[in-house]
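Read through the structure below, which is laid out as structure tokens, and then see the notes.
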Amino acid sequence: MYGRKKQGSRGMAYLRGSPSYVWSTGCILGRGATATVYQGVNKKTGDLVAVKTFNKISLDRPLNVQMREFDVLKKVNHENIVKLIAIEEDLESASKILVMELCTGGSLFSILDDPLNSYGLEEEEFLLVLKDLTAGMKHLRDNSVIHRDLKPGNIMKYVAEDGRSIYKLTDFGAARELEEDQQFMSLYGTEEYLHPAMYERAVLRKHGDQRFSSNVDLWSIGVTLYHVATGNLPFRPYGGRRNREVMHYITTKKDSGVISGVQRDHTTSSIEWSRDLPKSCLLSTGLQKLLVPILAGLMECDSAKMWSFDKFFNETTKILSAKRVHVFYVNECREFVLYLHNNSLHKPAKLASDITEHVFKQSGVLGKNQLVFFENLLFDQYIAGASSGSSSGAASVPETNISHPVFLFNRELCDVSVSASLSSQELENGFKYPDFNQAVVLDEDAATAKIWCSVSHAIKRQVERLSRAHAHLSVAPLQLAQHLETLIGQLRRHVLTAQLHSCALERQLALISRSERHIADLRPLVPTPCAELDKIHALIQQRQQNVVAVSESLKRADQETSALETKVVGGQPLYRIWKVRKAECGSVIGYDETAATYVNKIRENWQALARDKMAKTLSYHDEQFHVLEKTEA
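Structure (structure tokens):
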């Protein structure tokens, strides 16, 4: 922040090469137990690549084990799997290297480690990860391959030339071919993402003869998706991976349907179990309701209840193929998203019914009290109009987004309540800036600055949400006013139509009355009395009285609707009143940008303190700058 020179990487870097590629040992992209990945370059074309070299631990393994990764990468070919470009030999060591496409977006783990994503990814990015992870895993299963080390660190973000982000599976060092009904005994994987049975054998060293199936990947997928959705691991003993017995207890003793278990204090053995995602999760309620059953099915320690790959693929496809409708609930100033499945989209009536049900589930507003608008039209009218213009006659759902939603009003409520996404207590506990240590403690200062950055991003999201609410509330009354004008116009037309019908009936009745009088004049010529003529006479008199009453009622209705039209529509007083009220509210223009400015400054403070942590020791002057970074934050 204060113009200090960034710390360079320690140690001496030098160049190594293969017949077609060269790389610097100082440009490390990733490092694992058996290999290191460097950024390299094609000697002829200059194209950047990722070069994976293997260390002594890897080379000491049996040859058939060493060759598995090569064989798997040769077999698979999919957009969501890192592409193998070449297999060559290191000119210095003569050991084989893998040359792969370079994913410049970093690993999913590094993305989640950024304070921006401390509470998980936002919905659009999460759905992209879900889509790409599912597609990549389906390709592996179609080719009878298990990964055995699935985790965010082994999912890379590739940025295409057109700017699209594509997530790709990588690191097939533990992968092997395995049919659906086959089993294996060898142990691979990362502790936090391991299936409980593998954890028991690999970490706790129990049941050495136990065999495993391809379902171990399903558990890892569940843990990974939870991590991506929340920013945290689902099963967290106090003290982390050092507390191995409690970790095993959490994953094996949890009830079916439980998707997280956390031990907060080492002094107690109690575990906080949860069947829901945390309230800090950034995903919409609509998506959470669909995702939680998937997580529960994947992270199921009872093999009889654990989902199969087919069920996982099917349920994920339902989410990804659903039509999303963004809704802004005006009375609560709350945003939510409807996920409408394909079977709702065939008939307008079915779609309208499903939308009413989905809205009730997420808002609690009964169907009879729902008033839903989109672009100044009642939502069902919009759907009906769009569907009538479709050649297939299928229901048509409008394209919505977070800035262009459907508006929901509750007919029974006149109040509007602007509430934060979280309660005040949750805001205080979860979004609180911790104090910096007065002394210079590099590790602690970097950790504290990272929390500051996370909290700042969370507050920035709240500012953006409230700014959107302000924008939506600015136009919501206009939609209601437009609706009232439309209703009054319809009412006026109905009254005028009724008056026309009344006049026509009045003329017909007058004609009948004259005919009846002519008949009455002829009655003396009839020798016997006619009771039917008396009934007709009485009926005509009654109808004449009714017509007079109806005419008077319609006259009053005409006067009242005309007055209502003048009051509401003429001169558009509702619009003028709202314009004055809106001006009293002030403007929030620039609030989002101000929040972004503060967040960027705090990010710079955090990055500077993180570099100081990597340096281990600071000179006197660097220490003074270190203190300044803390003070400025």
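Just so it is clear: in the sequence shown, position 470 is 470 by the UniProt record's numbering, and no numbers are missing.
We put the CB at the ideal spot given by N, CA and C, even for glycine.
Remember, predicted model here, so these are calculated numbers, not experimental data.
Coarse secondary structure for residue i, derived from DSSP in three states
{"i": "Leu473", "result": "helix"}
{"i": "Gln263", "result": "coil"}
{"i": "Arg543", "result": "helix"}
{"i": "Tyr21", "result": "strand"}
{"i": "Glu300", "result": "coil"}
{"i": "Tyr188", "result": "Low per-residue confidence applies at Tyr188: pLDDT is 49, beneath 50, and the placement is therefore not dependable enough to give any value."}
{"i": "Phe312", "result": "helix"}
{"i": "Gly286", "result": "helix"}
{"i": "Leu320", "result": "helix"}
{"i": "Tyr14", "result": "coil"}
{"i": "Gly239", "result": "coil"}
{"i": "Tyr339", "result": "strand"}
{"i": "Trp273", "result": "strand"}
{"i": "residue 661", "result": "Only positions 1 to 633 of the chain appear in the structure, and residue 661 is not among them; the question remains open."}
{"i": "Met306", "result": "coil"}
{"i": "residue 690", "result": "Missing from the structure shown is residue 690; the chain here goes from 1 to 633 and no further."}
{"i": "His518", "result": "helix"}
{"i": "Asp435", "result": "coil"}
{"i": "Asn215", "result": "coil"}
{"i": "Ile602", "result": "helix"}
{"i": "Gly222", "result": "helix"}
{"i": "Ala498", "result": "helix"}
{"i": "residue 637", "result": "Residue 637 is absent from the model: the chain starts at 1 and stops at 633."}
{"i": "Ser280", "result": "coil"}
{"i": "Ile589", "result": "coil"}
{"i": "Leu422", "result": "Confidence at Leu422 is low in this model, with a pLDDT of 47, below 50, so its placement is unreliable and the value that follows should be read with caution. Three-state result, Leu422: coil."}
{"i": "Lys460", "result": "helix"}
{"i": "Tyr620", "result": "helix"}
Residue from the options with nearest C-alpha to residue i
{"i": "Leu484", "options": "Leu371, Ser474, Ala504, Ala538", "result": "Leu371"}
{"i": "Asp380", "options": "Phe360, Ala352, Val359", "result": "Ala352"}
{"i": "Leu378", "options": "Gly364, Val406, Thr400", "result": "Val406"}
{"i": "Ala595", "options": "Leu442, Thr252, Arg556, Leu466", "result": "Leu466"}
{"i": "Thr486", "options": "Cys301, Val568, Lys460", "result": "Val568"}
{"i": "Val475", "options": "Lys361, Ile488, Tyr329, Asp612", "result": "Tyr329"}
{"i": "Leu84", "options": "Glu69, Thr400, Asp612", "result": "Glu69"}
{"i": "Gly30", "options": "Ser58, Asp171, Lys347, Arg334", "result": "Asp171"}
{"i": "Tyr199", "options": "Asn154, Arg148, Gly163", "result": "Arg148"}
{"i": "Asp114", "options": "Leu628, Val599, Asp612, Glu623", "result": "Val599"}
{"i": "Leu282", "options": "Phe360, Ser20, Glu123, Ala33", "result": "Glu123"}
{"i": "Ser396", "options": "Ile402, Glu444, Lys347, Phe360", "result": "Lys347"}
{"i": "Ala197", "options": "Arg411, Ala384, His248", "result": "His248"}
{"i": "Lys361", "options": "Pro234, Phe431, Thr285, Lys138", "result": "Thr285"}
{"i": "Thr267", "options": "Gln288, Ser260, Gly239, Ile250", "result": "Gly239"}
{"i": "Pro293", "options": "Ile155, Arg275, Ala304, Glu79", "result": "Arg275"}
{"i": "Ser58", "options": "Gly590, His358, Ile97", "result": "Ile97"}
Paired residues, beta bridge with residue i - DSSP
{"i": "Phe409", "result": "Leu371"}
{"i": "Arg31", "result": "Thr36"}
{"i": "Ala50", "result": "Gln39, Met100"}
{"i": "Leu377", "result": "Phe374"}
{"i": "Val327", "result": "Phe336, Val406"}
{"i": "Asn401", "result": "His404"}
Sequence-distant residues of the same chain with beta carbon closer than 7 Å to residue i, five excluded per side
{"i": "Leu48", "result": "Gln39, Val41, Leu102"}
{"i": "Val159", "result": "Thr104, Gly105, Ser165"}
{"i": "Trp219", "result": "His195, Leu298, Met299"}
{"i": "Leu150", "result": "Tyr193, Asp217, Ser220, Ile221, Thr224"}
{"i": "Leu505", "result": "Val547"}
{"i": "Glu92", "result": "Arg16"}
{"i": "Pro62", "result": "none"}
{"i": "Leu290", "result": "Ile319, Tyr339"}
{"i": "Asn376", "result": "Gln479, Gln482"}
{"i": "Cys453", "result": "Pro115, Ile602, Arg603, Trp606"}
Residue i at chain C interface by Cβ criterion, 7 Å
{"i": "Arg507", "result": "Here chain C cannot be found, since the structure has a single protein chain."}
Cβ neighbours of residue i in the same chain (closer than 6 Å, five flanking residues each side left out)
{"i": "Cys27", "result": "Tyr38, Gln39"}
{"i": "Ala86", "result": "Val99"}
{"i": "Leu564", "result": "Ile488"}
{"i": "Tyr620", "result": "none"}
{"i": "Ser24", "result": "Ala13, Leu15"}
{"i": "Val129", "result": "Tyr167, Val228"}
Own chain partners of residue i with C-beta closer than 8 Å, once the 5 adjacent residues on each side are dropped
{"i": "Val22", "result": "Leu15, Arg16, Gly40, Val41, Lys43"}
{"i": "Gln544", "result": "Leu509, Ser513"}
{"i": "Thr631", "result": "none"}
{"i": "Ala498", "result": "Leu554, Ala557"}
My parser needs the beta strand (DSSP E) runs of 3 or more residues fully inside the region 135 to 184; what are they? Complete beta strand (DSSP E) runs here, min 3: 155 to 159, 165 to 169.
Taking only runs that begin and end inside the region 52 to 131, name each unbroken beta strand (DSSP E) of 3 or more residues, in chain order. Runs of the beta strand (DSSP E) inside the region 52 to 131: 84 to 89, 96 to 101.
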